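J.: The structure follows.
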Amino acid sequence: MAKLILTHEVTGLGAAGDVVEVKDGYARNFLLPRGFALTWTKGGEKQVESIKAARAARAHASVEAAQAQASALSSKKVKLVVKAGESGRLFGTVKPADVAAAVEAAGLGSIDKRNVELPNHIKSLGSYQANVRLHEDVSAVIDLEVVAGK
-11 MAKLILTHEV
-1 TGLGAAGDVV
9 EVKDGYARNF
19 LLPRGFALTW
29 TKGGEKQVES
39 IKAARAARAH
49 ASVEAAQAQA
59 SALSSKKVKL
69 VVKAGESGRL
79 FGTVKPADVA
89 AAVEAAGLGS
99 IDKRNVELPN
109 HIKSLGSYQA
119 NVRLHEDVSA
129 VIDLEVVAGK
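If you count by my numbering, then the sequence shown holds residues -11 to 138, one letter each, in order.
Set out below in structure tokens:
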């Protein structure tokens, strides 16, 4: 078992700044290469406080503000304009950063791209849903409408 300090929130594992123990393969093949975690050391305990302070600065000021944004996100459909072929297949895939930019362009506030979870790869036109974590206790479901553009 490897002892790690999470630098990003990982669904089902913990939030940034948490010290977790995971299997060696999961740490070596997934968490460490993607930059989601650092190996735990005695000196690393100092990093935990700075990671938690940065997370608190990025987080919503209160649960009420996060719930207000969640209700606004859930009530409207977000239109995402992408390049697509004649058959409706996209040139590439929709990324969490694209979803975050579309939410901001729709006037629904800004969200961090790292908090957007796409359940499947979006590679064709149509309607989809994405999950957004706005606060530790608050998440929202966004209805996406992927349409062809330029």
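All residues carry an ideal CB built from backbone N, CA and C; glycine is no exception. Note that the coordinates shown come from a computational prediction; the quantities given were computed from them, not determined experimentally.
Would you say residue 10 lies against chain D (beta-carbon separation less than 8 Å)?
T.: Absent from the structure: chain D. Only one protein chain is present.
J.: Work out the CA separation of residue 70 and residue 32 for me, nearest whole Å.
T.: Looking up residue 32 in the sequence shown gives position 44. Looking up residue 70 in the sequence shown gives position 82. Cα-Cα distance, rounded: 42 Å.
J.: Please specify which runs of the beta strand (DSSP E), each continuous and at least 3 residues long, are wholly inside the segment 70 to 135, giving them in chain order.
T.: Whole beta strand (DSSP E) segments, 3+ residues: 114 to 121.
J.: Give the range of the beta strand (DSSP E) segment to which residue 52 is assigned.
T.: Translated into the one-based positions of the sequence shown, residue 52 becomes position 64. Careful: residue 52 lies outside any beta strand (DSSP E), inside the alpha helix (DSSP H) at 51 to 63.
J.: Beta-carbon separation of residue 61 and residue 8 under 8 Å?
T.: On the sequence shown, residue 61 is found 73 positions in, with the first residue counted as 1. On the sequence shown, residue 8 is found 20 positions in, with the first residue counted as 1. No, the pair does not count as a contact, with Cβ atoms beyond the cut-off.
J.: Could you name the residues of the same chain whose beta carbon sits closer than 8 Å to that of residue 73, not counting the 5 residues immediately before and after it, in chain order?
T.: Here the question's residue 73 lines up with position 85 in the sequence shown. Closer than 8 Å at Cβ, skipping near neighbours: 79.
J.: Since I believe residue 20 is in contact with residue -7 (beta carbons under 8 Å), could you give me their beta-carbon distance rounded to a whole number of angstroms?
T.: As a working note, residue -7 is residue 5 in the sequence shown. As a working note, residue 20 is residue 32 in the sequence shown. No, residue -7 and residue 20 are not in contact; Cβ-Cβ is about 11 Å, not under 8 Å.
J.: What did DSSP end up calling residue 37 once you bin it into helix, strand or coil?
T.: By one-based count along the sequence shown, residue 37 stands at place 49. In this structure, DSSP gives residue 37 a helical state, which the three-state scheme calls helix.
J.: Just curious, the beta strand (DSSP E) that residue 20 is in, first and last residue?
T.: Walking along the sequence shown from the start, residue 20 turns up at place 32. Where residue 20 is concerned, there is no enclosing beta strand (DSSP E), given that its DSSP letter is neither H nor E.
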